[in-house]
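Each residue of the sequence shown is one higher than the last, beginning at 1 in full-length UniProt numbering.
We treat Cβ as the ideally placed atom computed from N, Cα and C, and that holds for glycine.
Single-structure report; data block below.
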Amino acid sequence: MHETAFAWDATERGTFQEDMFPLLKIPTLAHKPWVKQNIPIPPAIFRDVVSIIKEKMSAGVYKPSTSSYCSKWFCIVRKDGKSLCLVHDLQDSAVPPFVDSIAEAFACHSVYGILDLMVRYDHRTIHDEYCDLTTFQTPISTLRLTKLPMGYMNAVQIFHRDICWILKDEILEVTIPFIDDCPIKGPKSRYQNSDGTYQTIAQNSRIRCFICEHLQNVNHILHHLCHAGATISAKKCVIAVPSIIVLGHKVSFEGRILDKAKVQKIKDWPYCTNVTEVRGFLGLCLYCRIFIKDFAKPTCPLVKLTKKDVSFEFRDEHREAMDQAIVSSPALRTIDYNSERKVILAVDTSNIAVGYLLMQEGEDGKCYPARFGSITLNNHECCYSQAKLVLFGLFRTLHDGMINNPDLQPNATINCWIAGILLFDFELVHVPAHKHAVPDGLSRRPKAEEDEDGEEDYEEWIDECGAFTVELSNCREAHFESQPYPSEIPSTLSDSPSVLSQSLGIYSSEQTSPSVYEMEIPCSEKAIQREERLKVVKEFLETKKKPEGLEEVELASLVHLATWILRQAHDELGHKGIYSTCMQLLTHFWWPMLEQDVCWYVKSCHKCQICHLDRVHIPPVVAIPEPLFFKAYMDKFLMPKSNGFRYVTQACCSLTSYPEWAMLCTETGKTIGKFIFEQILCHWGAVAEIVTDNGGPYVLALDWLSKTFRICHI
Numbered sequence: 001m002h003e004t005a006f007a008w009d010a011t012e013r014g015t016f017q018e019d020m021f022p023l024l025k026i027p028t029l030a031h032k033p034w035v036k037q038n039i040p041i042p043p044a045i046f047r048d049v050v051s052i053i054k055e056k057m058s059a060g061v062y063k064p065s066t067s068s069y070c071s072k073w074f075c076i077v078r079k080d081g082k083s084l085c086l087v088h089d090l091q092d093s094a095v096p097p098f099v100d101s102i103a104e105a106f107a108c109h110s111v112y113g114i115l116d117l118m119v120r121y122d123h124r125t126i127h128d129e130y131c132d133l134t135t136f137q138t139p140i141s142t143l144r145l146t147k148l149p150m151g152y153m154n155a156v157q158i159f160h161r162d163i164c165w166i167l168k169d170e171i172l173e174v175t176i177p178f179i180d181d182c183p184i185k186g187p188k189s190r191y192q193n194s195d196g197t198y199q200t201i202a203q204n205s206r207i208r209c210f211i212c213e214h215l216q217n218v219n220h221i222l223h224h225l226c227h228a229g230a231t232i233s234a235k236k237c238v239i240a241v242p243s244i245i246v247l248g249h250k251v252s253f254e255g256r257i258l259d260k261a262k263v264q265k266i267k268d269w270p271y272c273t274n275v276t277e278v279r280g281f282l283g284l285c286l287y288c289r290i291f292i293k294d295f296a297k298p299t300c301p302l303v304k305l306t307k308k309d310v311s312f313e314f315r316d317e318h319r320e321a322m323d324q325a326i327v328s329s330p331a332l333r334t335i336d337y338n339s340e341r342k343v344i345l346a347v348d349t350s351n352i353a354v355g356y357l358l359m360q361e362g363e364d365g366k367c368y369p370a371r372f373g374s375i376t377l378n379n380h381e382c383c384y385s386q387a388k389l390v391l392f393g394l395f396r397t398l399h400d401g402m403i404n405n406p407d408l409q410p411n412a413t414i415n416c417w418i419a420g421i422l423l424f425d426f427e428l429v430h431v432p433a434h435k436h437a438v439p440d441g442l443s444r445r446p447k448a449e450e451d452e453d454g455e456e457d458y459e460e461w462i463d464e465c466g467a468f469t470v471e472l473s474n475c476r477e478a479h480f481e482s483q484p485y486p487s488e489i490p491s492t493l494s495d496s497p498s499v500l501s502q503s504l505g506i507y508s509s510e511q512t513s514p515s516v517y518e519m520e521i522p523c524s525e526k527a528i529q530r531e532e533r534l535k536v537v538k539e540f541l542e543t544k545k546k547p548e549g550l551e552e553v554e555l556a557s558l559v560h561l562a563t564w565i566l567r568q569a570h571d572e573l574g575h576k577g578i579y580s581t582c583m584q585l586l587t588h589f590w591w592p593m594l595e596q597d598v599c600w601y602v603k604s605c606h607k608c609q610i611c612h613l614d615r616v617h618i619p620p621v622v623a624i625p626e627p628l629f630f631k632a633y634m635d636k637f638l639m640p641k642s643n644g645f646r647y648v649t650q651a652c653c654s655l656t657s658y659p660e661w662a663m664l665c666t667e668t669g670k671t672i673g674k675f676i677f678e679q680i681l682c683h684w685g686a687v688a689e690i691v692t693d694n695g696g697p698y699v700l701a702l703d704w705l706s707k708t709f710r711i712c713h714i
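Here it is in structure tokens:
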């Protein structure tokens, strides 16, 4: 039924339908045609390269070109180690898809399949207007591309976006494509009966239900690809197998396990002879970190070899511990967020690292690991106390992957961590040390050279999360309200609960605020006392029941009474300041915006303004008389030539308007400089300021005075 969807060689390759995918346009800036010299073809593969070019020409991918452009290209070996691939160099950039979450999503499924597109980039056609940009020189002739260039640095994202659009109806539930690979996952259950047999379809008792369901999903994906014009490599096609390799991870019904090829590389790694080789071996071992329990223990001897002032001696036990840990590593399962089974995050912190284990309860009640991890601490974080280490370890674990201590006195740093922890929804359970071995071992892993420094500003991350509501409010239209005066205070405060709610942040009975006990925040005794005090205040404002010790406190509920209280507290008690008046009132009264009303009343008191003791002292200013030509205005003007003179320069005193002038034959810096020196400086003394139009001769005149007589100007 889908025979046209499979291709055995490049000549049977398909092309995306133009009605679904328009012709590709390569964005460019204003530029001149470029001509780049190509890399020489190695003689050993020259014939193979020429055969590839001829094959591309016969398939219509390459066509002759007469363009003035010439781009670079080179040849690489494919993953199979035998065939070659031509790569064309066109500069652009984009971010590739995230691969770790894709591999994790395929774990723990009953059956798998994988489809590989034939000559993936040749499916997308380039617009004729932009084909000349891909022109390149070959041993045969000058050619140009008609399909998406493999070396175009945005080709990966373009092709990945096209495949995702084709399979958009099947993504997440059936497949998650990655560029040209389309892995297919079957049902999560194999529909196994209690007696060990499997459920079969009604039409054929030899076909199991999960296989039939998987084949239907494969048929849907083939239909989407065939309808879009894509073709699958028949040689690489896998329909139904128990396990596949997805982006370097082997996934099966048991979970995600280590790829045997990468494990074999670790086993076959030669003996290290220097620190650089040890670091390279550790970098390869980091691939296995999420699979290995107590990863720090087998790597600790290797990490010690990378430190300074340590004699280098690579022994068998350095390799045996890591090999044994890799062989015994368990399969990792994917977290099922749709089920009701608990997800457990076990965290432990030592003085060198934070270790954590993410796991989920299975249907049999056992806990199955999903990820192991460790986060090394820097020198400053290692000096935290034990209480701070435990809290900081939980905070770092929640931030990177994914409290209740009565002796802990919260400070600004700890409160910041608590705010970050409360962004996540979980139930906190204390586990004894003897049952917490896995996170404890991961927390004792020393820092390796390959680890990141972790210079991220965690406080800034918390501020960004907490400022989300501020961003929302900034998006709304600004609304300004003037603060009310005492005359605008409601006549009966009990009739306006919204004012009280806004002033004290009291919630209505239908939406009460959670207490510190319900939120499980670590609190000191003082914090608990403040919480009890707020409850008393809330009860007082709602029921007007006076608490113990506050029987003399009265609630001002009338406008004229509030104004009369302000007058009595300020005028009758000596016209005291804002602070004293507020303190006197708060011992007996309270109403909304009391402090603002007191501030307004004190500032508007006429007697206080008259009797104000502050006096502004203005020091006397003694006028200093200026001498003549202390400031001079200078300019020149052109005259009819007479007796060899052509110019007249003039300096006018700003105080008396008395002029000094001279006739000049030429307008130079030297002639004007002589006039300033002889008729002004020598006659009237130093000039403090000369005002000109910044003409060139006057600037040169000041430079001439500076060089000749050392009379410098500013």
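| Query | Result |
| --- | --- |
| Put Thr-581 into one of helix, strand or coil per three-state DSSP. | helix |
| Classify Met-20 as buried or exposed, calling it buried when 16 or more other Cβ atoms lie within 10 Å of its own Cβ. | exposed |
| Do Leu-23 and Thr-125 have their CB atoms nearer than 7 Å? | yes |
| Relative to the C-alpha of Val-278, which candidate in Gln-529, Ile-257, Gln-264, Pro-301 has its C-alpha closest? | Pro-301 |
| Quick one: grab the DSSP three-state call for Thr-142. | strand |
| Output the distance between the C-alpha atoms of Thr-276 and Glu-313, rounded to the nearest integer angstrom. | 13 Å |
| Excluding the 5 residues preceding and the 5 following Leu-561 in the sequence, name in chain order all residues of the same chain whose CB lies nearer than 8 Å to its CB. | none |
| Who are the near neighbours of Phe-677 in its chain, counting only those whose CB is closer than 7 Å to its CB and skipping five residues on each side? | Leu-705, Phe-709 |
| How big is the Cα-Cα spacing for Ala-202 and Ser-194? | 19 Å |
| Identify every residue that forms a DSSP beta bridge with Gly-373. | Tyr-356 |
| Name the two residues that bound the continuous alpha helix (DSSP H) containing Val-251. | Looking at the DSSP string, Val-251 is not in any alpha helix (DSSP H); the run it does join, the beta strand (DSSP E), is 249 to 251. |
| Which ranges does the beta strand (DSSP E) cover as unbroken runs of at least 3 residues, wholly within the region 671 to 709, from first to last along the chain? | 689 to 691 |
| Answer yes or no: do Leu-681 and Thr-671 have a C-beta to C-beta separation smaller than 7 Å? | no |
| To the nearest angstrom, how far is it from the Cα of Ala-94 to the Cα of Glu-173? | Only weak support is given to the placement of Ala-94: the predicted model assigns it a pLDDT of 45, under 50, and the value that follows is read from those uncertain coordinates. Going by the C-alpha atoms only, they are around 27 Å apart. |
| Straight-line CA distance for Ile-52 to Gln-137? | 14 Å |
| Nearest to Lys-636 by alpha carbon, out of Ala-651, Glu-626, Phe-629, Ala-623? | Ala-651 |
| Where does Ser-233 land, buried or exposed, given buried means 16+ other C-beta within 10 angstroms? | buried |
| Just verifying my parser: in three-state terms, what is the DSSP assignment at Tyr-130? | helix |
| Considering Phe-46, what are the terminal residues of the alpha helix (DSSP H) in which it resides? | 46 to 58 |
| If you run the structure through DSSP and keep just helix, strand and coil, what is Asp-116? | strand |
| Does the region 27 to 42 touch the region 105 to 122, meaning 3 or more C-beta pairs lie closer than 8 Å? | no |
| His-249 and Ala-103 - do their beta-carbons sit closer together than 7 Å? | yes |
| With burial defined as no fewer than 16 other Cβ atoms inside 10 Å of the residue's Cβ, what is the status of Ala-623: buried or exposed? | exposed |
| Put Trp-8 into one of helix, strand or coil per three-state DSSP. | coil |
| I need the straight-line Cα distance from Asp-336 to His-223, nearest angstrom please. | 29 Å |
| Is the beta carbon of Cys-108 closer than 7 Å to that of Arg-333? | yes |
| For Thr-563, does the three-state DSSP call read helix, strand or coil? | helix |
| State the DSSP-derived secondary structure class of Asn-404, mapped to helix, strand or coil. | Confidence in Asn-404 is poor, its pLDDT being 35 and thus under 50, which makes the residue's placement unreliable; the coordinate value appears in the next sentence. Coil. |
| Output the boundary residues of the beta strand (DSSP E) element that contains Phe-637. | 631 to 642 |
| Compute the beta-carbon to beta-carbon distance between Arg-13 and Asp-162, rounded to the nearest angstrom, for a pair I have assumed lies under 8 Å. | With a Cβ gap of about 15 Å, Arg-13 and Asp-162 do not count as contacting. |
| Going along the chain, which unbroken runs of the alpha helix (DSSP H) with 4 or more residues stay wholly within the region 182 to 236? | 209 to 228 |
| If you draw a straight line from the alpha carbon of Leu-225 to that of Leu-247, how long is it in whole angstroms? | 21 Å |
| From the DSSP secondary-structure annotation, give me the bridge partner or partners of Gln-609. | Partner(s): none; Gln-609 has no beta bridge. |
| Would you give the residue range spanned by the alpha helix (DSSP H) that Val-602 belongs to? | 594 to 603 |
| Quickly, what does DSSP pair Gln-264 with across the bridge? List them, please. | Beta-bridge pairing links Gln-264 to no other residue. |
| Opposite Arg-256 in the DSSP bridges: which residues? | Val-251, Leu-332 |
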